[in-house]
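Notes follow once the structure below has been shown.
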Amino acid sequence: RPTVVIGATDTAVPNTLFSTGYTISDKITVIAASAKNHGDFVSAVTQLATDLRQQGIITNKQKADLVSAAANSDIGK
C-alpha cells in the first residue's frame with residue numbers, strides 16, 4: 002500500500018520503503034504480532050513513530066497520526 006494503514010484507519014502517512022526492504026507497515030505488522038496487549042502495541046508504535054520523526058522520515062503531524070491510529074485500533078485488545 003502507498004500509505005500506512007493501522008487497523009481500519011488509513012493514516013495517509015507515506016509507507017516508506019527502507020533499504021532493508023521493509024516498509025513502515027511491515028514494521029507495524031511485526032510490532033502487532035509481538036505486542037502483549039493493546040497498551041504494549043501503542044507504546045511500541047509510539048516509539049517507532051518517534052524514531053522515524055527523529056530521523057526526519059515523517060513529520061510531527063504524521064507521527065501524531067500514526068500514534069492516534071494505533072491508539073484507536075483494536076490491535077492487542
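Our numbering numbers the first residue of the sequence shown as 2 and each following residue consecutively. Every residue gets a Cβ at the ideal spot worked out from N, C-alpha and C, and that includes glycine. Note that the coordinates shown come from a computational prediction; the quantities given were computed from them, not determined experimentally.
Sequence-distant Cβ neighbours of K64 in its own chain, meaning closer than 6 Å and more than five residues away, are A50 and R54. Fully enclosed alpha helix (DSSP H) runs of no fewer than 4 residues occupy 39 to 55 of the segment 35 to 69, in order along the chain. When DSSP states are grouped into helix, strand and coil, T12 belongs to the strand group. Distance from the CA of A13 to the CA of D41, rounded to the nearest whole angstrom, comes to 23 Å. Per DSSP, the continuous beta strand (DSSP E) segment holding I7 begins and ends at T4 to I7.
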